[in-house]
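Accompanying notes for the structure given below.
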Amino acid sequence: MNRYLTLLLIALAITAAGLLPAHAAPDTVLSTKDGQSYTLEDFHIFYMKQLGARGLITFLEQMVVYEQAKKQGLAPTKEETAEFIKNDMTPEIYKGFQQIYSQKALNKFVEYTIMNRKYRKYLEQKFIKEKGINITDDDARKYYVKNIDKFQLPDRVQLSIISVEDEKTAQEVMARLEKGEDFNQLAAIYNADEELRANSGYVGVIGKGMGLPEPLEKVAFSLEPGNHSGIIRGTLFHVIFVHNRFPAKNYEFADVKEDIKKFLEEQEVDRYISEHLNKLYQEQLPKFEIKAELFKAGEDKVPKGGAGPVPSE
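So the sequence shown is numbered by this note's numbering: it starts at 9 and just counts up by one.
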């Protein structure tokens, strides 16, 4: 799940728990269209229903971890809070939350999130200290052999794309490119796909035969870095730009041994943390008394005990 969406969902859960905005009333208008107003209350109710029981369970799981973090004295410092707002949330997102939620709710959200992370780090250090991790060269080699395809990379291209719905617009894009305008800036304006617009058309690195539609792949692997294509007709009309090309490469075991060992060590730690948290959820979730009728309607019931997969960070 997108990091900022995760932040939003948890914040919504916090308001559902009773920390309603102090300066943003439920009837605060968030948006209007054709004379119809949509309020903060509309927004909350809709998303609470969308989250349903699974959303409530995720929130309660976070609260279970928060309680454990408090027992370990893992309250965030001022420095940790400032760093979280600056680097994780970003000041822009934080200011946006301030427009909707009370400072009390926002402070709690930041506190919950930081303490959840610190508790996971605490468990990681505890596991390493008490159990130790000993990934051998033989362990790494077995993984390498079993997953050999991961270490045999095909030809790859790093590309961006502009995709539009009609030929006239595609020709307009081409005309501007021929005048020397920046491809990424045009991609942020013209792309029919919202996500591509937001990313200035950047797609990333794609390997040959790894899912790029054949007409696009053929052109992409024929272009030299720093060049754009002509108009490519498909379901939409496309223009692609190749940033870089990478030749096929087979990694020998010696090249990747240390990376594999580090990966396997992280897997061991993650497995321990998941087992510990799931056991904790099994013990603690049944102790919550669910009062919000919003989460009781329909077939999606909150189970009496146990939890699903541990939510990712």
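A virtual CB, placed ideally from N, CA and C, is assigned to each residue, including glycine.
For residue i, count neighbouring Cβ atoms within 10 angstroms of its own Cβ and tell me buried if that reaches 16, exposed if not.
{"i": "Met97", "result": "buried"}
{"i": "Ala77", "result": "buried"}
{"i": "Ile156", "result": "exposed"}
{"i": "Thr66", "result": "buried"}
{"i": "Asp174", "result": "exposed"}
{"i": "Ser168", "result": "buried"}
{"i": "Gly63", "result": "buried"}
{"i": "Ala30", "result": "The predicted model places Ala30 with a pLDDT of 46, which falls under 50 and marks its position as unreliable, so this point remains unresolved."}
{"i": "Arg279", "result": "exposed"}
{"i": "Thr121", "result": "buried"}
{"i": "Asn199", "result": "buried"}
{"i": "Val37", "result": "exposed"}
{"i": "Pro84", "result": "buried"}
{"i": "Asn325", "result": "Since the first and last residues shown for the chain are 9 and 321, residue 325 lies out of range."}
{"i": "Ala178", "result": "buried"}
{"i": "Ala113", "result": "buried"}
Taking residue i and residue j to be in contact with their CB atoms under 8 Å, please state how far apart those CB atoms are, rounded to whole angstroms.
{"i": "Val247", "j": "Val153", "result": "Going by Cβ atoms, the distance from Val247 to Val153 rounds to 42 Å, so no, they are not a contact pair."}
{"i": "Gly242", "j": "Pro223", "result": "6 Å"}
{"i": "Arg149", "j": "Phe271", "result": "Not a contact, Cβ separation roughly 13 Å."}
{"i": "Val213", "j": "Gln166", "result": "5 Å"}
{"i": "Gly209", "j": "Asn192", "result": "6 Å"}
{"i": "Ile281", "j": "Leu131", "result": "5 Å"}
{"i": "Ala196", "j": "Arg205", "result": "6 Å"}
Pull up the DSSP beta-bridge partners for residue i, would you.
{"i": "Gly217", "result": "According to DSSP, Gly217 bridges with nothing at all."}
{"i": "His236", "result": "Phe249"}
{"i": "Gly212", "result": "Leu167"}
{"i": "Asn258", "result": "Gln160"}
{"i": "Val37", "result": "Thr47"}
{"i": "Val172", "result": "Phe245"}
Rounded to the nearest angstrom, what separates residue i and residue j at their Cα positions?
{"i": "Lys94", "j": "Val118", "result": "12 Å"}
{"i": "Ser230", "j": "Phe254", "result": "13 Å"}
{"i": "Gln106", "j": "Glu186", "result": "44 Å"}
{"i": "Lys216", "j": "Ile101", "result": "37 Å"}
{"i": "Thr144", "j": "Leu161", "result": "25 Å"}
{"i": "Tyr259", "j": "Gln275", "result": "22 Å"}
{"i": "Glu203", "j": "Val172", "result": "13 Å"}
{"i": "Asp267", "j": "Glu273", "result": "10 Å"}
{"i": "Lys137", "j": "Phe159", "result": "32 Å"}
{"i": "Ser110", "j": "Asp190", "result": "42 Å"}
{"i": "Ile170", "j": "Pro233", "result": "17 Å"}
{"i": "Phe296", "j": "Tyr289", "result": "11 Å"}
{"i": "Pro257", "j": "Glu283", "result": "Going by the sequence as given, residue 257 is Lys instead of Pro. Cα-Cα distance, rounded: 37 Å."}
{"i": "Asp263", "j": "Arg164", "result": "19 Å"}
{"i": "Lys139", "j": "Leu285", "result": "17 Å"}
{"i": "Ala61", "j": "Val211", "result": "35 Å"}
{"i": "Tyr127", "j": "Tyr74", "result": "8 Å"}
{"i": "Asp35", "j": "Gly43", "result": "16 Å"}
{"i": "Thr3", "j": "Glu88", "result": "An answer regarding residue 3 cannot be provided, because it is not within the stretch 9 to 321 covered by the chain."}
{"i": "Gln70", "j": "Ile298", "result": "15 Å"}
{"i": "Gly188", "j": "Leu244", "result": "23 Å"}
Query raised in the report: Which ranges does the beta strand (DSSP E) cover as unbroken runs of at least 3 residues, wholly within the stretch 41–124, from first to last along the chain?
Result: Listed in chain order, they are 44–47.
Query raised in the report: What are the uninterrupted segments assigned as alpha helix (DSSP H) that are 4 or more residues long and contained completely in the stretch 131–167, given in chain order?
Result: Here the runs fully enclosed are 145–154.
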